[in-house]
Each structure stands twice: as C-alpha cells, then as structure tokens.
Amino acid sequence: MNASESPNPPYFDVLLDRIASGDREAVTAFGRHVHWGLWDSPAAADGSAADYLQAAERMCQRICDAAKIQPPARIADVGCGFGGTIASLNERYQSLAMTGINIDPRQLQRAEEQVVPAADNQIQWTCADAASLPLDDAAFDAVLAVECIFHFDRPRFFAEASRILRPGGVLSLSDFVPQPQMADFMTGGAGAMSEAIRWTYGDVDMSCSLDGYEQLAAENGMRLLACEDVTEQTLPTYDFLCEGAQRWHDRHHAELFLQATGWLRKASRKKLIRYLILSFEKLGDRSC
Ligand SMILES: C[S@@+](CC[C@H](N)C(=O)[O-])C[C@H]1O[C@@H](n2cnc3c(N)ncnc32)[C@H](O)[C@@H]1O
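See the structure below:
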C-alpha cells in the first residue's frame with residue numbers, strides 16, 4: 001500500500017517509530033499533542049522540545065476555550081491523536097464525559113495508556129472515521145477537532161458534528177485556511193508541492209476558505225461564532241519542525257518533509273494560508 005492509500009497520515013508512522021525507538025525529543029515535543037504550537041511572543045521561542053510542548057498545550061487550550069465548555073459537559077474530540085486534548089481537559093476540569101475518536105488504533109492505544117481519567121471525569125476511546133461517527137444524536141455539548149479537519153471528508157464531518165451536538169452546543173476546530181485567491185489553487189493540491197505534501201502529511205485538503213466554512217455551517221444548521229487568526233503566533237513551529245528534520249536518518253523523506261513544510265511556512269508568512277481557530281454554534285430549539 002502506498003502512503004496516499006492509508007487512512008493514517010504518514011507523519012504518524014514516522015512519529016510512532018521515533019517514539020518506539022526512545023527518541024526523547026519526539027516524546028517530549030509530540031508524545032502528547034501532535035499539532036502546531038502557539039507562542040504569545042513568537043520571538044521568545046527557544047527551539048527546545050520543552051518549549052514546543054508548552055506552545056502546543058497553549059494552542060490546545062485556546063481551541064478548547066473557544067468551545068466555551070461549562071462542566072458538567074459531554075465532549076467529543078474527533079481526530080484525537082495521542083489524546084493530548086482530552087488529557088488537557090482532564091487536568092483543567094471536573095465532571096466531563098469525554099469521547100476521543102480516531103481512525104488509527106495505534107494512536108488510541110497510546111492515548112489510553114497515557115491518559116488516566118481524573119476522579120470525576122469519564123473517558124472513552126473509539127476507533128472511527130470522522131465522516132461516520134458511532135455516536136448518538138444531540139448527545140454532546142462540544143465537539144473538538146484540533147488540527148485534523150483537513151484529513152476528513154469535511155462536508156460529511158460537518159453533518160456528523162451537527163448531528164451529535166445539542167442545540168446551543170459548539171464545534172471548535174483549527175485549520176489551515178486559504179485566502180479566497182488561494183482556494184482554487186489548493187483544490188488542485190498545491191500544484192508542484194502536491195507530491196511532497198502527500199508523502200509527508202498524507203491526504204490533506206486545505207482548500208476550504210472562510211466563506212466556505214460559513215457556507216458549510218449554514219448548510220448544517222450552525223453559525224460561525226468566532227474566528228481567531230493565530231497565524232503569526234504559530235510561525236516558530238516551522239523552524240522547530242525543519243530543524244528536527246535536518247537530523248533524520250532517512251534523507252529522502254526528510255527532503256520531502258522539508259519541501260512540504262517549507263512551502264507551508266512560506267504561504268503562512270505571506271498570510272496566503274492562515275491558521276484559524278474557528279467555532280460554530282449548533283442552532284435549534286434549546287428547550288428540546
Ligand atoms: C495533526 S493530527 C492531530 C491529532 C490531535 N488532534 C492533536 O491535536 O494532537 C491529525 C489526526 O487526525 C486523525 N485522522 C485523520 N483522518 C481521520 C479520520 N478520517 N477520522 C478520524 N481521525 C482521523 C489522524 O490519525 C491524526 O490523529
């Protein structure tokens with residue numbers, strides 16, 4: 001099977017190998033969260049794995065805060081990776097019933113090993129595709145999708161998120177969102193970069209503009225609540241990732257990673273692609 005046929009992003013194969021081999025930098029930086037970091041002062045980023053972990057935790061908390069969680073609450077974290085978002089909520093709140101969903105059972109196994117529910121919290125891990133969630137209608141107060149929606153069938157995920165949210169519930173996510181003039185280009189898979197991107201990040205769709213999101217929300221009985229552009233605060237991520245890849249033994253994959261990540265860095269610096277935290281409210285009769 002080649003990388004583009006597997007539902008598991010290729011960067012997770014690399015990461016799981018690095019973790020299994022005891023690579024301390026990989027465990028520190030990505031053993032909990034596998035997403036971009038957020039630095040309130042990007043100039044203060046020091047390039048260390050510990051600094052990266054703190055920045056990733058900050059990003060996670062910012063996305064969770066956009067979901068306006070008020071315990072007791074039921075939360076679905078779709079594309080939960082190693083369970084870092086649920087771990088963070090578990091540490092910050094009580095009386096949460098949380099479900100982590102991921103398509104890759106290897107990641108769920110690590111999540112289950114890493115995250116121990118705090119006294120008053122419940123956690124379930126479920127292997128499923130974001131496009132078809134084995135979860136009840138109107139059963140959740142919040143749905144989270146931290147930096148993973150570009151892997152999903154976006155329209156089907158939106159329909160599923162809307163279905164499982166109660167009226168007034170919130171979907172909070174982060175995504176790489178192209179400016180309107182870039183959206184068509186991204187639909188074509190980012191032109192010459194498409195091969196490097198596919199081999200590094202797998203099947204990704206970064207073609208949904210902010211207008212596209214508002215339309216998806218309207219089509220699924222939701223409305224955009226808030227949009228925060230944190231592109232500038234994510235930029236130290238690229239230096240950290242590219243520095244790390246310089247040390248990979250597999251030079252072929254390191255080169256592809258550097259091409260794909262370097263391309264995204266350039267597009268982000270120019271704000272052609274923005275890193276947005278978006279939240280949406282499920283409309284409907286809250287008294288039901
Ligand atoms: C960049 S990682 C983010 C992981 C996690 N949200 C975090 O922030 O640490 C993207 C995640 O999406 C998951 N994923 C990809 N396609 C999926 C799908 N169709 N359904 C569910 N999860 C999926 C991947 O396995 C991976 O865990």
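For the sequence shown, UniProt numbering assigns the number 288 to the last residue and increments by one with no breaks. Backbone N, C-alpha and C fix where the C-beta goes; we use that ideal spot for every residue, glycine too.
Check your understanding: ligand 3 heavy atoms versus the CB of Thr85: any closer than 7 angstroms?
Key -> Ligands displayed in this structure: ligand 1; ligand 3 is not among them.
Review point. Is Glu147 near ligand 1, with its Cβ less than 7 angstroms from a heavy atom?
Key: What you label residue 147 is simply residue 147 of the sequence shown in a count that begins at 1. True, at least one ligand heavy atom lies under 7 angstroms from that Cβ.
Review point. How long is the line joining the alpha carbons of Phe152 and Asp250, rounded to whole angstroms?
Key: For the purposes of this step, residue 152 is taken as the residue at position 152 of the sequence shown. For the purposes of this step, residue 250 is taken as the residue at position 250 of the sequence shown. Annotation: Phe152 to Asp250 spans about 28 angstroms, alpha carbon to alpha carbon.
Check your understanding: Going by Cα to Cα distance, which pick from Ile277, Tyr238, Asp285, Leu256 is closest to Arg265?
Key -> On the sequence shown, residue 265 is found 265 positions in, with the first residue counted as 1. Looking at the Cα atoms, Tyr238 is the closest of the given residues.
Exercise for review: Could you tell me how far apart the beta carbons of Phe157 and Gln114 are, in whole angstroms, since I believe they sit closer than 8 angstroms?
Suggested key: Residue 157 sits at position 157 when you count from the first residue of the sequence shown. Residue 114 sits at position 114 when you count from the first residue of the sequence shown. In fact, because the Cβ distance is near 25 angstroms, the residues do not count as touching under 8 angstroms.
Review point. By Cβ distance, which residues of its chain are closer than 6 angstroms to Pro236, with the 5 residues on each side in sequence left out?
Key: In the sequence shown, counting from the first residue as 1, residue 236 sits at position 236. Cβ neighbours of Pro236 beyond the five flanking positions: Trp39, Pro42, Ala45.
Check your understanding: Is Arg247 helix, strand or coil by DSSP?
Key -> The sequence position of residue 247 within the sequence shown is 247, counting from 1. Coil, per DSSP.
**Study point:** Phe140 beta carbon near ligand 1 (any heavy atom closer than 7 angstroms)
**Key:** Position 140 of the sequence shown holds residue 140. No - ligand 1 has no heavy atom lying nearer than 7 angstroms to the Cβ of Phe140.
Practice item. State the DSSP-derived secondary structure class of Gly84, mapped to helix, strand or coil. Key: In the sequence shown, the residue the question calls residue 84 occupies position 84. In the structure shown, Gly84 sits in a helix (DSSP, three-state: H, G or I).
Practice item. Whole angstroms is fine: what's the gap from Ala118's alpha carbon to Ala111's? Key: By 1-based counting over the sequence shown, the position of residue 118 is 118. By 1-based counting over the sequence shown, the position of residue 111 is 111. Using only the alpha carbons, I get a separation of about 15 angstroms.
Review point. From Ala97 to Glu255, what distance separates their C-alpha atoms?
Key: For this step, residue 97 is matched to residue 97 along the sequence shown. For this step, residue 255 is matched to residue 255 along the sequence shown. When rounded, the distance between both Cα atoms is 42 angstroms.
Exercise for review: Alpha carbon to alpha carbon, how far is His252 from Lys68? Give it in angstroms, no decimals.
Suggested key: Indexing the sequence shown from 1 puts residue 68 at position 68. Indexing the sequence shown from 1 puts residue 252 at position 252. Each residue's Cα considered, the two are about 43 angstroms apart.
Point to revise | Cα-Cα separation between Tyr275 and Ala76, rounded to whole angstroms | key: Taking the sequence shown and counting its residues from 1, the one referred to as residue 275 is at position 275. Taking the sequence shown and counting its residues from 1, the one referred to as residue 76 is at position 76. Roughly 22 angstroms between the two C-alpha positions.
Practice item. Determine the direct distance from the alpha carbon of Trp248 to that of Arg62, and round the result to whole angstroms. Key: The residue labelled residue 62 in the question sits at position 62 within the sequence shown. The residue labelled residue 248 in the question sits at position 248 within the sequence shown. Their Cα atoms are separated by approximately 31 angstroms.
**Study point:** At least three beta-carbon pairs within less than 8 angstroms, the stretch 159–175 to the stretch 136–149
**Key:** yes
Check your understanding: If you drop the 5 nearest sequence neighbours on each side, which residues of the same chain put their C-beta closer than 7 angstroms to that of Ala159?
Key -> If you number the sequence shown from 1, residue 159 lands on position 159. Closer than 7 angstroms at Cβ, skipping near neighbours: Asn220.
Practice item. Give a yes or no on whether the C-beta atoms belonging to Gln107 and Phe12 are separated by under 8 angstroms. Key: On the sequence shown, residue 107 is found 107 positions in, with the first residue counted as 1. On the sequence shown, residue 12 is found 12 positions in, with the first residue counted as 1. Cβ distance < 8 angstroms, so Gln107 and Phe12 count as in contact.
Point to revise | Rounded C-alpha distance that separates Gly284 from Leu144 | key: Against the sequence shown, residue 284 aligns to sequence position 284. Against the sequence shown, residue 144 aligns to sequence position 144. In a straight line, the C-alpha of Gly284 is about 20 angstroms away from that of Leu144.
Point to revise | Three-state secondary structure (DSSP) of Leu225 | key: Locating residue 225 in the sequence shown gives position 225, where the first residue counts as 1. In the three-state reduction of the DSSP assignment, Leu225 falls in the strand class, which pools E and B.
Review point. Per DSSP, which one or two residues make a beta bridge with Leu276?
Key: Sequence index remark: in the sequence shown, residue 276 carries index 276 (1-based). Answer is Asp175, Asp229.
Practice item. Tell me whether the beta-carbon of Ala66 lies closer than 8 angstroms to the beta-carbon of Ala226. Key: One-based indexing of the sequence shown puts residue 66 at position 66. One-based indexing of the sequence shown puts residue 226 at position 226. Yes. Within cutoff.
**Study point:** Buried or exposed by the 16-neighbour rule on C-beta atoms within 10 Å, applied to Pro7
**Key:** Counted from its first residue, the sequence shown places residue 7 at position 7. Exposed, since its Cβ has fewer than 16 Cβ neighbours within 10 Å.
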